[in-house]
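Residue numbers (UniProt numbering): 1 to 311.
Set out below in structure tokens:
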């Protein structure tokens, strides 16, 4: 009994040490919180974390995903920055407005959110459609955008944009309206799987099954798929707006991240025609879904570039 009591005391001490160690580890990890704020008449849902002295960072997701895609990255950036990851109008848990899906207007909505939260200068990161909104943000608020990251898409109307825009692989750019909505209704997973599988270098290393189920449940909600289609329906207006923006090249540092099996050098070359200080990086062996296909390399490049603005 004496030896058993000694063992229990030692086991209890070890357990207590483990709990303290875990508590300290969790306490050190930035906490991600969810919020909603109404700006420009639209309720925008966003994730927020961090309280560092670095420039606040805005993360913008694109089609087929939501702000959820940034969860692995947010704690890494939140060590030195406040991080804000909104759902774009119509996406995730944000409101579904009747219009305003052109990227110029959506960037104005995100800017209104940033201002309402009490911030001015920010670093902006965008993936897919979020890339377009991020560019429109930087083009409209040049003095307030310290750094810009553009990930895996293209700029409608800028440079040699037509081959990308009219590629047969991009048929979904013109897939909107009542008939497409009826075709996709109840088949949201089949439709979205096309992008998650075919736009990845290897579908097995693309968006996870857990995330696919989450995103499918969101896009199956009333009005969500229609809103997503409207992002593409607005491309003709985006072409006009972006051509106007590109007449005055961006001056802030810009990082363009692409997948070798997706946009590759195309977007990097395109952005060099719209900005003067461009760093391009093609991530080898991956496709469109950078955060899923190559998370460590993608997040490493992002953290290095965004933190460099604080040195």
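Beta carbons: idealized from backbone N, C-alpha and C, even for Gly.
The structure presented is a predicted model; accordingly, all values stated were derived computationally and were not measured.
In the structure shown, residue 67 adopts helical secondary structure according to DSSP, grouped into three states. By the Cβ criterion, the region 84-104 is not in contact with the region 249-265, since fewer than three pairs of Cβ atoms, one from each stretch, lie closer than 8 Å. One Cα belongs to residue 195, the other to residue 217, and the distance between them is close to 16 Å. Following the DSSP letters along the chain, one finds residue 230 in no beta strand (DSSP E) but inside the alpha helix (DSSP H) bounded by residues 224-233. Judged by DSSP secondary structure, residue 259 falls within the beta strand (DSSP E) whose first and last residues are 254-259. Leaving aside the five residues that flank residue 121 on each side, the residues in its chain whose CB is nearer than 7 Å to its CB run, in chain order, 55, 144 and 146. Here residue 300 carries a helix assignment [DSSP, helix/strand/coil]. Between residue 65 and residue 94, the alpha-carbon positions lie close to 13 Å from each other.
Three or more beta-carbon pairs separated by less than 8 Å link the region 181-200 to the region 210-230, which places the two stretches in contact.
When the Cα atoms are used, residue 193 and residue 212 turn out to be separated by approximately 8 Å. By the CB criterion at 8 Å, residue 125 and residue 138 fall outside the cutoff. The criterion of a C-beta distance shorter than 8 Å is not satisfied by residue 287 and residue 169. With contacts defined by Cβ atoms closer than 8 Å, residue 235 and residue 163 do not form a contacting pair.
Within the same chain, and ignoring the five residues on either side of residue 230 in sequence, the residues whose Cβ sits closer than 6 Å to its Cβ are 101.
Note that the C-beta distance between residue 274 and residue 249 is below 8 Å.
If you draw a straight line from the Cα of residue 247 to the Cα of residue 293, it comes to about 35 Å.
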